[in-house]
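These notes concern the structure reproduced below.
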Amino acid sequence: MRIELVLGAGSAFGLAHLGVLRALRERGHEIVRLHGCSMGALVAGAVAAGSVRTLEALADRAGPLDALRLVDLHAHGAGLVGGRRIEDLLTELYGECRIEELDLPLRVVATDVATWLPVSFESGSLREAVRASIGVPALLPPVEIDGRLLADGTLVQPLPVPEQSDPRAQRVLAVSVLGPPSSDPWAAGVPRRRTARYVMDSLSIAQHGIEQAVLAAHPEVALLQLPTGDGASALSFHRAGRIAARGHLIAREQLPALGL
1 MRIELVLGAG
11 SAFGLAHLGV
21 LRALRERGHE
31 IVRLHGCSMG
41 ALVAGAVAAG
51 SVRTLEALAD
61 RAGPLDALRL
71 VDLHAHGAGL
81 VGGRRIEDLL
91 TELYGECRIE
101 ELDLPLRVVA
111 TDVATWLPVS
121 FESGSLREAV
131 RASIGVPALL
141 PPVEIDGRLL
151 ADGTLVQPLP
161 VPEQSDPRAQ
171 RVLAVSVLGP
181 PSSDPWAAGV
191 PRRRTARYVM
201 DSLSIAQHGI
211 EQAVLAAHPE
221 VALLQLPTGD
231 GASALSFHRA
241 GRIAARGHLI
251 AREQLPALGL
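According to full-length UniProt numbering, the residues represented by the sequence shown are 1 to 260, in order.
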């Protein structure tokens, strides 16, 4: 089946998109267009640029030290992390790819922090567009592109369902990795040393609410929703392989019920 695929935000939870993509390949589906926000944009960009296998390999071998290698602490500016090492990763994945030259049509969503409106990239540098889309406030500084200061698309459009579907697509499939948690992640309270996790998990709650409003406005869209939790948090990048494997398992279970 020809699918227009929407990959939502979710920080580390978004690595589950890799498992969903694997399940779609196994079932013989063809992706004809991609839309991505935040981590969904990073994964969608890798698919469109033909480097998803590289990203899968990085996820499979990820551990605590690998996650730390992406962190360059930033004492000044608008983010705790400078972002240089993350930009190096994006260069490894995308090189100098331009969105309009990709084999698969792609839309990447970021947020204009001056107007509070979504900004869609369907042309220009893939690396720059994804860097803008993943700019989590307080963690990564915003970036300036064409005179606009841009931050994480999650703030306004965490699940970037298109207003009009691609005429080549037989179904639009939206993948949300921000379903309600499978277990209470804070059953023992909020430890003082986990402030960053508390902030990220709270942001996930807000994102989930926006997603529900988007889906209510688009009842024609098939939804694959993965619950958060299972021992992971929005900052569990060191568990990338495990999160991707869980996404694969859930997708294999749920896709047939969606007619996919």
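Just so you know, even glycine gets a beta-carbon here, dropped at the ideal spot from N, CA and C. Predicted, not measured: the structure shown is a model, and the values here were computed from it.
The beta carbon of histidine 248 sits closer than 6 Å to the beta carbons of Gly19, Arg22 and Ala23 from its chain, once the five residues preceding and following it are set aside; these are given in chain order.
DSSP, read as helix, strand or coil, puts glutamate 100 in helix. In this structure, the straight-line span from the alpha carbon of serine 202 to that of glycine 10 is close to 12 Å. With a beta-carbon spacing of about 4 Å, leucine 15 and isoleucine 243 fall inside the 8 Å limit used to define contacts. If one requires a minimum length of 3 residues, the beta strand (DSSP E) runs lying completely within the stretch 124–151 are 143–145, in chain order. The beta carbon of leucine 258 lies closer than 6 Å to those of Ala222 in the same chain, with the five residues before and after it left out. Nearest in C-alpha terms to proline 162, of all of Arg85, Gly95 and Ala217, is Ala217. Taking isoleucine 31 as the centre and dropping the five residues before and after it, the same chain places the C-beta of Ile3 and Leu5 closer than 6 Å to its C-beta, in chain order.
Arginine 25: member of the alpha helix (DSSP H) spanning 16–26, first to last residue.
Between the alpha carbons of threonine 54 and arginine 127 lies a distance of about 15 Å. Cβ atoms of glutamine 207 and proline 158 come within 8 Å of each other, at about 4 Å. Alanine 62 counts as buried, since at least 16 other C-beta atoms from the protein chains shown sit within 10 angstroms of its C-beta.
Relative to the Cα of alanine 48, the nearest Cα in the group Gly229, Pro105, Ile250 and Leu89 belongs to Pro105. Where histidine 248 is concerned, there is no enclosing beta strand (DSSP E), although the alpha helix (DSSP H) around it starts and stops at 240–254. Ranked by Cα distance from alanine 251, the options Leu215, Glu26 and Leu150 are led by Glu26. Between the C-alpha atoms of aspartate 146 and alanine 129 there is a straight-line separation of about 11 Å.
In terms of Cβ geometry, alanine 59 and alanine 240 form a close pair [threshold 8 Å]. With contacts defined as CB atoms closer than 8 Å, alanine 12 and phenylalanine 237 qualify as a contacting pair.
Per the DSSP secondary-structure output, glycine 36 pairs in a beta bridge with Leu7 and Val108.
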